[in-house]
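Step one of this worksheet: look at the structure below.
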Amino acid sequence: MEGRNEKKYISKAIINRLPRYYRYLGELKAKGVERISSSELSNIMKVTASQIRQDLNNFGGFGQQGYGYNVDYLQEEIGKILGIDRPHKIVTVGAGNLGSALSGYQNFPRYGFNIMAMFDNDEAKIGKVIHGIPVLPVSGIVDYINENDIEIVILTIPKEAARELLHELEGTKIKGVWNFAHTDFEMPGGIVVENVHLSESLMRLSYEIANSGEPV
């Protein structure tokens, strides 16, 4: 028997689908849809109705037989599971093209992701305001994180610089790192790292094109 405080294992595949559920439910809510069945949601998401029910049953189910799912309630509950029912303070390290683009992404605040500052070691960028966000010297990042309860750090700097910076961040209050530094990192102390490789996503697209059966 599982211990009362033992967390239930949730597969990566299910976790990866949760943001899609949240997004599609938001689109349905915007259209005025109040309830939806697993079959109807299946047609929209291209996931079987059985899979949807199995996924949601991992967190309590949320549906009613003969009624389906209340769209507003289900989105709210998935938001709680994803942890986006509360704000997250974020800083970006690297004020180049990618860092600036991510920091200026207007949908982040909708989900509670608030980018408070950007950090860089380029004197030409320090002191500027990009998308309403100040660029500060990276030498002051540790103090800024601890003084402002920063939870997440976005890394958009080369991997060598990122490796050095992560050592400095180990003793801070951060809980997660969104890493675009072209290499995979792990951090101690329960700090979660999400390693993102844009080129891998593009290669997956290339594979689908190459294997679509259409003549080149």
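This note's numbering applies: residue -16 is where the sequence shown begins, and numbers increase by one.
By construction, the Cβ of each residue, glycine as well, lies at the ideal position given by its N, Cα and C atoms.
Check: What separation, rounded to the nearest whole angstrom, lies between the Cα atoms of E147 and T75?
Finding: Here the C-alpha atom of E147 lies approximately 16 Å from the C-alpha atom of T75.
message: Is the separation between the beta-carbon of Y52 and that of G46 shorter than 8 Å?
response: yes
What does the Cβ neighbour count give for D132, buried or exposed, with the cut at 16 atoms within 10 Å? Around the CB of D132, fewer than 16 other CB atoms lie within 10 Å, so the residue is classed as exposed.
Does the beta-carbon of N162 have 16 or more other beta-carbons within 10 angstroms, so that it is buried, or is it exposed? buried
ask   = Helix, strand or coil: how does DSSP classify K111 here?
value = K111: coil per DSSP, three-state reduction.
Out of I135, L119 and E169, which has the shortest C-alpha to C-alpha gap to K142?
For the residues I135, L119 and E169, the minimum Cα distance to K142 belongs to E169.
- Are I73 and I137 closer than 8 Å when you measure CB to CB? yes
| Cβ shell of I270 (< 7 Å), same chain only, five flanking positions each side left out | No answer is possible for residue 270: the residues shown for the chain start at -16 and end at 199.
Buried versus exposed call for V221 [16 or more other C-beta atoms within 10 Å across all chains shown]
In the structure as shown, the chain begins at -16 and stops at 199. Residue 221 is therefore absent and cannot be evaluated.
_With a threshold of 8 Å on Cβ separation, who are the neighbours of T31 within its own chain once the five nearest residues in sequence on each side are excluded?_
S25
| message | Here's the rule I'm using: 16 or more other beta-carbon atoms within 10 Å means buried, otherwise exposed. How should A78 be labelled? | response | buried
Does the distance from the C-beta atom of I67 to that of Y94 stay below 8 Å?
Closer than 8 Å, so yes.
Go through its chain and collect everything with a Cβ distance to D103's Cβ below 7 Å, but skip five positions before and after it. Excluding residues within five positions, the ones whose Cβ falls inside 7 Å are G77, A78, I109, V118 and V121.
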